[in-house]
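In the working numbering, the protein residues as written are 408 to 876. In what follows, a structure is listed as structure tokens, so that the remarks can point back to it.
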């Protein structure tokens, strides 16, 4: 099945381009469609449309903007089956997980639409008062990535529009189709120019982030690219939200229920075939339970069915794109070259980009598989002796996105969680994100936050009025 008729949305209209980008199903290696490859002219049209629509949209009452954000969610829900099937074809994730992502986007629209940013009034001495109001920034350039293209795009669409900004959104060229289709479905719901969705190759993103007509950039992707985004945005001091990479550590205390914790930690590491920014990327397990815990995980890994996500009963899909596939395989080859023991499940043969689910048995702390973010279905298990040691090793990273702690003793778990240098910590679970809770990273895992009230504020700037009465 191919999709060759998807169009960009610019100023409320369907727009194509002279050139196109092929989209490949990573489970089969086959071309499933093509999308427009926007250049400077299309980008200029989108930014011009967004800037022209901004004054009226900024002045639209908050309740009306919230209603439109909510209707975007309703429209996605009404077309969930179509969107999930398209998402599986282009991203590779199993059908149930694609459906979950689409419905998570609905949830984010609905929840975000309930949020408000009321004025803050303060006394400023006799005969004077101060009011701080949160006003929209202007034109936002949103760049989303390929692991969760639908929900991560909504993370930008919903708060940007609700707070009165206009948006030019670019999904990844590896997974552009479902987001383009959402743009088509909501085109008549949103005033022209408020939401523009364009697609293009590697040259388009830098043009967006450097464009003087953009006031804020919201980028989700790798830390290396995030640095370049920050640099290109600097000449005009664009506001930035950067949600970047992670090398998230799990710390497993010796009192856990091994079977139950192994099952939960498995999915915190291997959901979406490990292609999750907050997936567990390295697991520190106490030496007294290490062997039992490793063996329990090994049984689960070997039993996980991997294959084409459109087939029934598949748990793990492929790596989404060839560059990432090569990167993960490069890390596995490094493990083999250095004699690290690998425990692996099965992966299908053929043209699909499949990497077998893999445990790396207690590699050295300075090995590449521990120090680098794998972003694939590979998990190093690391033995530790004291909790102090585990915390120190977990924190010895330039990344600080998320982490997990596993224990029956909540006080002990909280003591560890408080000392982890991350923006997010989960206890006895992983990947538990909420549209009402701030999400962001420390160190080189990002700048700013998304979601919740804090995420809304990231799309605004405070403006203080001082009134003499």
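Backbone N, C-alpha and C fix where the C-beta goes; we use that ideal spot for every residue, glycine too. Keep in mind the model is a prediction, meaning the values are calculated, not measured.
Asked                                                                                                              : Found
Among 740, 615, 532, 653, nearest to residue 635 - alpha-carbon criterion                                          : 615
Outcome for residue 497 when other beta-carbon atoms lying within 10 angstroms are tallied against a minimum of 16 : buried
The beta strand (DSSP E) enclosing residue 550, as first and last residue numbers                                  : 546-550
Short CB-CB distance (under 9 Å) between residue 715 and chain C                                                   : The structure shown contains no chain C; it holds only a single protein chain.
The region 761-779 / the region 812-820 touching (three or more Cβ pairs under 8 Å)                                : no
Own chain, CB closer than 7 Å to residue 662, minus 5 neighbours either side, in chain order                       : 814, 815, 816
Euclidean distance between Cα positions of residue 867 and residue 788                                             : 42 Å
Length of the line joining the Cα atoms of residue 425 and residue 448                                             : 11 Å
Straight-line gap, residue 855 to residue 486 (C-alpha atoms, nearest Å)                                           : 32 Å
Length of the line joining the Cα atoms of residue 874 and residue 537                                             : 6 Å
Outcome for residue 623 when other beta-carbon atoms lying within 10 angstroms are tallied against a minimum of 16 : buried
Backbone secondary structure at residue 663 - three-state DSSP                                                     : coil
Option nearest residue 453 by Cα separation, candidates 761, 640, 592, 611                                         : 611
Secondary structure of residue 532, DSSP reduced to three states                                                   : coil
For residue 422 and residue 529, the rounded distance between their alpha carbons                                  : 48 Å
Residue(s) in a DSSP beta bridge with residue 564                                                                  : Its beta-bridge partners do not exist; DSSP assigns none.
Through-space distance from residue 683 to residue 554, alpha-carbon basis                                         : 7 Å
Beta-carbon separation (whole angstroms), residue 605 vs residue 680, contact threshold 8 Å                        : About 28 Å; that fails the 8 Å criterion.
DSSP three-state assignment for residue 553, whether helix, strand or coil                                         : coil
Proximity below 9 Å, CB of residue 564 to CB of residue 516                                                        : yes
Closest residue to residue 777 among 735, 752, 757, 758 (Cα-Cα distance)                                           : 735
Span separating the alpha-carbon of residue 579 from that of residue 632                                           : 13 Å
Contact set for residue 699: own chain, Cβ-Cβ below 7 Å, skip 5 residues either direction                          : 665
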